[in-house]
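The number in the numbering used here is simply the position in the sequence shown, starting from 1, with 20 added.
By construction, the Cβ of each residue, glycine as well, lies at the ideal position given by its N, Cα and C atoms.
Source: prediction; values computed, not measured.
Worksheet: one structure, shown below.
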Amino acid sequence: MRSDTRYFFKFSVTRSLAGLFLLLAGCANTQNHTATVSECMEDSLIVLEDDYPAVSDTISVSRFVDSLFYIPLGATNGDKIDEVQKVMMTGRYIFVHNVMEGLYMFTREGAFLRKITGECWGFDVQEAAERIYVACRNRIQVYDFSGNIIHARIPLDEETTGIGNFIAAIDTGKIAVSVWNRGVETNRLVIMKTDGSIVRAFPNHEKFRSLRTPVVSASRFHRTLFRYHDEIHYHPYYSDTLFSLSGERLEPVFVEHKIFKVPQAHRLEYLGDEQAFGSYCIENSAYATRFLETSRFMLVIYNVGRIFRTLPNYLLYDKQTAELYNYRQYMIFKNGRYHFGLFNDYDGGLPFNPEFTSGEYLIEACNAARFIRDYTNGREMMNCNKDSTVCTIQHYDIRSDRYPTPARKEVPEHLIRQITANDNPVLIVAKLKRKE
Numbered sequence: 021m022r023s024d025t026r027y028f029f030k031f032s033v034t035r036s037l038a039g040l041f042l043l044l045a046g047c048a049n050t051q052n053h054t055a056t057v058s059e060c061m062e063d064s065l066i067v068l069e070d071d072y073p074a075v076s077d078t079i080s081v082s083r084f085v086d087s088l089f090y091i092p093l094g095a096t097n098g099d100k101i102d103e104v105q106k107v108m109m110t111g112r113y114i115f116v117h118n119v120m121e122g123l124y125m126f127t128r129e130g131a132f133l134r135k136i137t138g139e140c141w142g143f144d145v146q147e148a149a150e151r152i153y154v155a156c157r158n159r160i161q162v163y164d165f166s167g168n169i170i171h172a173r174i175p176l177d178e179e180t181t182g183i184g185n186f187i188a189a190i191d192t193g194k195i196a197v198s199v200w201n202r203g204v205e206t207n208r209l210v211i212m213k214t215d216g217s218i219v220r221a222f223p224n225h226e227k228f229r230s231l232r233t234p235v236v237s238a239s240r241f242h243r244t245l246f247r248y249h250d251e252i253h254y255h256p257y258y259s260d261t262l263f264s265l266s267g268e269r270l271e272p273v274f275v276e277h278k279i280f281k282v283p284q285a286h287r288l289e290y291l292g293d294e295q296a297f298g299s300y301c302i303e304n305s306a307y308a309t310r311f312l313e314t315s316r317f318m319l320v321i322y323n324v325g326r327i328f329r330t331l332p333n334y335l336l337y338d339k340q341t342a343e344l345y346n347y348r349q350y351m352i353f354k355n356g357r358y359h360f361g362l363f364n365d366y367d368g369g370l371p372f373n374p375e376f377t378s379g380e381y382l383i384e385a386c387n388a389a390r391f392i393r394d395y396t397n398g399r400e401m402m403n404c405n406k407d408s409t410v411c412t413i414q415h416y417d418i419r420s421d422r423y424p425t426p427a428r429k430e431v432p433e434h435l436i437r438q439i440t441a442n443d444n445p446v447l448i449v450a451k452l453k454r455k456e
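Below, the structure is given as structure tokens:
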């Protein structure tokens with residue numbers, strides 16, 4: 021089904037690409053300059069209409085992954101990293117973020133180097149300039165790779181804030197900031213200098229007034245600003261459209277109409293009621309989406325709503341072959357397996373649930389205790405017969421039963437023997453196939 025939400029910037033893509041020239045009132049700066057089509061358009065654009073056929077309803081890891089490996093994160097001088105909000109991997113380093121614990125820097129092998137800062141809301145890394153941008157409640161701080169402060173305070177006003185993937189450095193002098201929409205914000209995206217002055221703003225065309233106090237559900241699922249190689253991509257939450265931020269312009273690069281997104285009047289920030297939001301999403305199969313992109317693949321992860329944990333579903337689009345895979349996950353108790361995620365036929369390990377991307381890599385951060393439990397013991401779960409009130413406890417295997425060679429299988433087996441439940445998370449890293 022096609023979403024009935026209004027696209028950010030009133031961007032409406034019809035069944036023909038000619039409809040793209042109906043773009044938008046919103047490419048405007050702080051002087052109310054209205055952008056021309058040439059400022060906002062791009063020649064190459066992928067559009068997945070609601071009737072675009074899927075070649076398969078399953079996705080196995082071997083279909084799109086060239087290699088898969090594990091990086092156990094080393095001890096962090098007494099700190100314990102529990103939940104991971106964001107991971108970025110550069111050519112030499114790995115950066116791991118938790119809102120409460122802070123931002124940590126590791127080698128590519130997982131050895132701990134340093135803690136950059138304590139509690140923070142989000143971060144970005146400019147690898148070439150060796151700069152780290154850290155967002156706190158009312159400021160952005162800039163560090164070098166040695167942990168020295170370059171800019172102590174780039175001010176963020178009360179309206180210009182977010183969490184997780186909401187800042188991205190355009191260059192050493194300008195930063196893009198994605199703004200939460202609580203209905204009253206003037207802008208949805210701003211470009212600011214390191215002195216805090218705004219040089220360009222993209223207005224909020226989804227303002228609203230609600231009878232309830234808006235509720236914002238901040239989570240690592242939200243991925244509004246992220247890096248795609250040397251580019252910065254922008255995905256307004258609940259939008260069908262992924263944009264590239266080129267300099268101070270926004271250009272659409274990918275449009276997906278297959279998934280029904282939660283309409284504004286039923287979103288949590290509008291309703292202010294978690295129960296009503298959840299009920300609507302379940303009853304109407306209304307989703308939130310996020311994009312993970314490499315040079316060959318676009319992975320669209322879609323979940324029912326997002327205020328509670330639900331099974332992720334996946335659209336995988338192959339740019340080389342134009343093939344689409346649509347994998348919807350369901351609870352099926354009769355097969356005795358609980359392998360939810362992308363089926364791991366690469367090494368017989370746990371299902372792959374990528375949440376982060378860096379370059380050609382997709383990354384999952386897995387709690388060490390959960391990794392050991394799920395891989396070794398599986399899980400005991402309540403299995404209730406829908407036709408009666410009888411429930412039974414049943415054991416479910418979680419790891420895969422397929423792998424091509426014993427050598428591949430030995431990799432996760434060796435990892436299990438090396439880690440303990442009290443260790444920091446394990447990164448499951450997949451290098452994706454590239455265009456041939």
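Proximity winner among the options, relative to residue i (alpha-carbon distances)
| i | options | result |
| --- | --- | --- |
| LEU291 | ARG229, ARG134 and ASP394 | ARG229 |
| PHE222 | CYS411, VAL210 and ALA385 | VAL210 |
| LYS213 | LEU370, PHE376, LYS194 and LEU176 | LYS194 |
| TYR248 | ARG269, THR233 and SER315 | SER315 |
| THR425 | ARG419, MET402, ASP367 and VAL204 | ASP367 |
| GLY267 | ASN304, LEU231, ARG243 and ARG220 | ARG220 |
| THR244 | ARG232, LEU288 and SER264 | SER264 |
| THR15 | ASP144, CYS140, MET120 and MET108 | Outside the modelled stretch of the chain, which goes from 21 to 456, sits residue 15, for which no answer is possible. |
| LYS455 | PHE84, ILE79 and VAL145 | PHE84 |
| GLU103 | ASN118, TYR113 and ILE114 | ASN118 |
| ASP250 | VAL154, ALA189 and TYR124 | ALA189 |
| THR341 | ASP70, LEU65, VAL75 and ASP71 | VAL75 |
| GLU283 | ARG159, ASP260 and THR233 | Note on identity: in this sequence residue 283 is Pro, with Glu being the wrong assignment. If we check each option's Cα against that of PRO283, ASP260 comes out closest. |
| GLU433 | THR396, SER80 and ASN346 | THR396 |
| GLU129 | ILE302, TYR113 and ARG173 | TYR113 |
| THR377 | ASN168, VAL449, TYR124 and PHE132 | VAL449 |
| LYS227 | ARG159, GLY203 and THR233 | GLY203 |
| THR218 | SER198, LEU231, ARG157 and ILE79 | Rather than Thr, the amino acid found at residue 218 in this sequence is Ile. That would be SER198, whose Cα lies nearest to the Cα of ILE218. |
| ARG151 | ASN158, ARG157 and PHE115 | PHE115 |
| LYS106 | SER166, VAL410, VAL145 and ALA427 | VAL145 |
| LYS453 | TYR72, GLU69 and SER87 | SER87 |
| ARG157 | SER166, CYS140 and PHE165 | CYS140 |
Beta carbon of residue i nearer than 8 Å to that of residue j
| i | j | result |
| --- | --- | --- |
| ALA95 | ASN387 | no |
| ILE187 | GLY142 | yes |
| TYR334 | GLY398 | no |
| ILE383 | PRO92 | no |
| ALA385 | LEU312 | no |
| VAL67 | VAL275 | yes |
| ASP338 | PHE317 | yes |
| TYR257 | HIS242 | yes |
| ASP177 | ARG348 | no |
| GLY122 | GLY138 | yes |
| PHE280 | LEU288 | no |
| ILE174 | GLY216 | yes |
| PHE372 | VAL81 | yes |
| ASN459 | ARG208 | Residue 459 is absent from the structure shown; the chain starts at 21 and stops at 456. |
| TYR416 | ASP365 | no |
| LEU65 | VAL273 | yes |
| LEU331 | PHE360 | yes |
Nearest-angstrom beta carbon gap, residue j and residue i [assumed within contact, 8 Å]
| i | j | result |
| --- | --- | --- |
| ALA149 | THR192 | 5 Å |
| TYR381 | LYS278 | The pair is not a contact, with the Cβ atoms about 26 Å apart (cut-off 8 Å). |
| PHE418 | LEU370 | Sequence check: residue 418 is Ile here, not Phe. Indeed they touch by this definition, with Cβ atoms about 6 Å apart. |
| TYR307 | HIS286 | Going by Cβ atoms, the distance from TYR307 to HIS286 rounds to 12 Å, so no, they are not a contact pair. |
| ILE413 | GLU430 | Between GLU430 and ILE413 the Cβ distance is about 32 Å, and since that is not below 8 Å, they are no contact. |
| ARG134 | MET120 | So it is not a contact: roughly 18 Å between Cβ atoms. |
| ILE79 | TYR350 | Not confirmed; about 14 Å, so no contact. |
| ARG393 | ASP293 | With 8 Å as the limit, ARG393 and ASP293 do not qualify as a contact, their Cβ atoms being about 35 Å apart. |
Residues bridged to residue i (per DSSP)
| i | result |
| --- | --- |
| GLN414 | MET401 |
| CYS156 | In DSSP, CYS156 forms no bridge with anything. |
| VAL119 | DSSP output for VAL119 lists no bridge partner at all. |
| GLU325 | Note on identity: in this sequence residue 325 is Gly, with Glu being the wrong assignment. TYR307, per the DSSP bridge assignment. |
| ASP163 | In the sequence as presented, Asp is not what sits at residue 163; that position holds Tyr. DSSP lists ILE152 and ILE169 as partners of TYR163. |
| SER299 | None; SER299 has no bridge partner. |
| ASN346 | LEU335 |
| LEU312 | LEU319 |
| GLN146 | ARG151 |
| GLU384 | ILE448 |
| TYR124 | VAL116 and LYS135 |
| ASP191 | LYS194 |
| ARG468 | Since the first and last residues shown for the chain are 21 and 456, residue 468 lies out of range. |
| request: Output the residue ranges of the beta strand (DSSP E) runs that lie fully inside the region 243 to 286 and measure 3 residues or longer, sorted by chain position. | output: 245 to 248, 251 to 254, 261 to 266 and 269 to 276
| field | Secondary structure, beta strand (DSSP E): runs of 3+ residues fully inside the region 69 to 102 | value | 85 to 92
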